[in-house]
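Numbering (the UniProt record's numbering), first residue to last: 1 to 181. Have a look at the structure below before the remarks.
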């Protein structure tokens, strides 16, 4: 009875149109369901939250939750949990590639979290699968513009992902072929 009342209060709270710190409320609700051992409800909450925001921290928290629902004694259960976590990471990477390609640093951080998780799963994990998705980090310089004109240069890190590298190589090849003709 108390559990249902707590859920009702959480539901009323997250349905409020304007919240000062909504992430704390969602975290408290998710933590509550985890403490109740309600993993399906927790998954449903994460999915609802992802409908509202695609923030990197939500994706990572969701994947960590999936990886943490493990019963160490059951190898099949462990594989299933790892697969759930991988599915979350794959969805997150897909979202970042297709809907937010400019968020390259976030994508890199997500991949690094994924690698860490894979390495913690020992023989069941496959960090090499994810390592192949990491970008090359290139140190570049760009000119800083002010009202008076160019002022100075700043260094920054550019991320070049494997699929971009492949596309660049194809463009170079196409240019070489066009020049040859």
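For every residue, glycine included, the Cβ atom is placed at its ideal position computed from N, Cα and C.
Q | Sub-8 angstroms separation of residue 157 and residue 113 beta-carbons | A | no
Q. Taking the Cβ atom as the reference point for each residue, do residue 25 and residue 13 lie within a distance shorter than 8 angstroms?
A. yes
(Q) For residue 146, report the span of its beta strand (DSSP E) as first-last. (A) 136–146
Q | Local Cβ density within 10 Å of residue 137, reported as buried at 16 or more and exposed below that | A | With fewer than 16 other CB atoms across the displayed protein chains lying within 10 angstroms of its CB, residue 137 is exposed.
Q) Which word fits residue 28, buried or exposed, when buried means at least 16 other C-beta atoms lie within 10 angstroms of its C-beta? A) exposed
**Q.** Environment of residue 17 [buried if 16+ CB atoms lie within 10 Å]
**A.** Its Cβ having fewer than 16 others within 10 Å, residue 17 is exposed.
**Q.** Straight-line gap, residue 76 to residue 82 (C-alpha atoms, nearest Å)
**A.** Rounded to the nearest angstrom, the two C-alpha atoms are 10 angstroms apart.
**Q.** Beta-carbon spacing of residue 104, residue 159 below 8 angstroms
**A.** yes
Q | Sub-8 angstroms separation of residue 88 and residue 107 beta-carbons | A | Not closer than 8 angstroms, so no.
Q: Please report the Cβ distance between residue 65 and residue 95, rounded to the nearest whole angstrom; I am assuming they are in contact, meaning their Cβ atoms lie under 8 angstroms.
A: Going by Cβ atoms, the distance from residue 65 to residue 95 rounds to 18 angstroms, so no, they are not a contact pair.
Q: Could you check if residue 129 is buried or exposed, using at least 16 other CB atoms within 10 Å of its CB as the buried criterion?
A: Exposed is the label assigned to residue 129, since fewer than 16 other Cβ atoms lie within 10 Å of its Cβ.
(Q) Using only CA atoms, which one of 141, 146, 56 lies nearest to residue 155? (A) 141
Q: Give every residue of the same chain whose Cβ lies closer than 8 angstroms to the Cβ of residue 150, excluding the five residues on either side of it in the sequence, and list them in chain order.
A: Answer for residue 150: 143, 144, listed in chain order.
**Q.** Cutoff 8 angstroms; reference residue 126; Cβ partners in own chain excluding five residues on either side
**A.** 118
Q. Helix, strand or coil: which one does DSSP assign to residue 38?
A. Coil.
(Q) Please identify the residue among 63, 131, 161, 69 whose C-alpha is closest to the C-alpha of residue 102. (A) 161
**Q.** CA-to-CA distance, residue 131 to residue 5, given in whole angstroms
**A.** 45 angstroms
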